[in-house]
Amino acid sequence: MSNPWVIVTLTVLFIGLSAFFVAVEFALIAAKRHRLEDAAADSRSARAALRSSTELSVLLAGSQLGITACTLALGAITKPAVHHWITPVAEALGLPLWIADLTGFVLALIIVTFLHLVVGEMAPKSWAVAHPERSAILLALPMRAFMFLTRPLLHVLNNAANACLRLVGVEPVDEVDQGHTSDDLRELLRHSAQAGTIERESSDALLGALELTQLSLGELVAERGQPTAVGPGATVAQVRDAAQRDRHRRILVHTVPGQPPTHVVHVRDVLGLAGGDTITEVAHSVEVLPATMTVGRAFGAMKDAGTQLALVERSDGSHAVVTVTDVLSYLLSADDSGRRSAEF
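Note that UniProt numbering has the sequence shown beginning at 1, numbered continuously upward.
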């Protein structure tokens, strides 16, 4: 085959087919199933993409078969032709025949490999990863047609590959893992709210709940100073004064001078006591939580301990207070003031 136009046409065809198979492979792996399901109601291509995502191993076998066939075709047709074109040019430049032949071979290998790697693989891969659902829907129907025509061969290749996997203790899968990160869930909730499948208020509340799995106690109480506390042997009158001064219902109690608070007393527990009485009998131990703990875990720990208040221990040795009200305010409030409620 010496006609250069035929060679160029076949080269473009094989590189284009390789790009097609690479894009299909990465698009179906990266595509979000819920987006394909949304589009499937009005798109035959989206339904085809969904079907392909349920038989992933066969689809990958088809993609690899196509890529391999294109690679072999380029090596069998394009590389020898380019080699044949370059060698006379190198010889005309005065190079010995064997050096000209070697130069043509090396340059042909570099040119064909570059075109195949960059245009036929890297570029379509980047496009498919950047726009997975769009590329999956666009390419689904021709890929389904290819899989239909080559299915017997694909099943043979796929079964052989699966047998090799089982020999080393790996169980093959036929569907894309649909586990979602918190970022995926946030996007899904926002998309659902925009589509009207859930109410905006419900979406906001669920988004707030997701934040609790990442927000740390230290971040929640970052702007707070030292909590209101009384010293060892404090009297009821001192607790009342502290509560009235700082407008807090729960007052921390130091049992050892210079040490962090270990107990808490609620104002309602001292209402019937004389001002000179000590608060030993009405003070309760306080839960101490590290600032690195997530708000969600802290909420669970406070619930398990049956307490409404916990002491947050920062890395610098200072302390702050967090309450169940703080957590609920962060969950339900849309503004920063609600999220940083200092009422305790």
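All C-beta atoms, glycine included, are put in the ideal place defined by N, C-alpha and C.
With 16 other Cβ atoms within 10 Å as the buried cut-off, status of D304: With fewer than 16 other Cβ atoms inside 10 Å of its own Cβ, D304 counts as exposed.
Closest residue to P124 among E25, E219 and H155 (Cα-Cα distance): E25
E343 versus I251: straight-line alpha-carbon distance, rounded: Low local confidence applies: a pLDDT of 43 at E343 is under 50, so the model's placement there is unreliable, with the coordinate-based value given in what follows. Near 12 angstroms, if we compare the C-alpha coordinates of I251 and E343.
Which listed residue (D277, G317, Q238 and E219) has its alpha carbon closest to that of G296: E219
S18 (DSSP reduced to helix, strand or coil): helix
Proximity of S63 and L141 at Cβ, strictly below 8 angstroms: For S63 and L141, no; Cβs fall outside 8 angstroms.
Contact between the segment 44-60 and the segment 112-124 (3+ Cβ pairs under 8 angstroms): no
Between the CA atoms of K79 and A136 - distance to the nearest angstrom: 31 angstroms
Beta-carbon proximity check, V321 vs L311, cutoff 8 angstroms: Result yes, Cβ atoms of V321 and L311 sit closer than 8 angstroms.
Secondary structure of E25, DSSP reduced to three states: helix
Residues near T307 by beta carbon distance below 6 angstroms, same chain, minus five either side: E287
Unbroken stretches of the beta strand (DSSP E), 3 residues or longer, contained in the segment 263-328: Runs found: 263-266, 287-290, 309-313 and 319-323.
Boundaries of the alpha helix (DSSP H) in which L74 is found, first to last residue: First-last for L74: undefined, no H or E at that position.
Contacting residues, own chain, Cβ-Cβ under 7 angstroms from H83 (five flanking each side not counted): G104, F105 and A108
CA-to-CA distance, D38 to W127, given in whole angstroms: 21 angstroms
Coil, strand or helix - R240 by DSSP: Looking at R240 - three-state DSSP - the assignment turns out to be helix.
C-beta contact flag for T278 and T235 at 8 angstroms: yes
Exposed unless 16 or more other CB atoms sit within 10 angstroms - verdict on P88: Under this definition P88 is an exposed residue.
Segment limits, beta strand (DSSP E) that includes L252: R250 to V253
Residues bridged to A229 (per DSSP): According to DSSP, A229 bridges with L252.
Sequence-distant residues of the same chain with beta carbon closer than 6 angstroms to L165, five excluded per side: P172
Exposure label - M147; buried when at least 16 CB within 10 Å: By the neighbour-count criterion, in which a residue is buried when 16 or more other Cβ atoms sit within 10 angstroms of its Cβ, M147 is buried.
For T54, three-class secondary structure by DSSP: coil
Beta-carbon gap between L28 and L65 smaller than 8 angstroms: no
Beta-carbon proximity check, I67 vs F21, cutoff 8 angstroms: yes
For S43, the three-state DSSP class (helix, strand or coil): coil
Selected residue, minimal CA-CA separation from I7, among T54, A76 and A41: A76
Nearest-angstrom Cα separation, counted from L10 out to C70: 10 angstroms
Closest by C-alpha distance to G300, when choosing among E313, S315 and T323: T323
Cβ pair S18, R33 closer than 8 angstroms: no
Limits of the unbroken alpha helix (DSSP H) element including V129: A123 to A130
Residues bridged to T150 [DSSP beta-bridge criterion]: BP columns for T150 are empty, so no partner.
L93, enclosing alpha helix (DSSP H) - first and last residue: Premise fails: L93 is in no alpha helix (DSSP H) and is neither H nor E.
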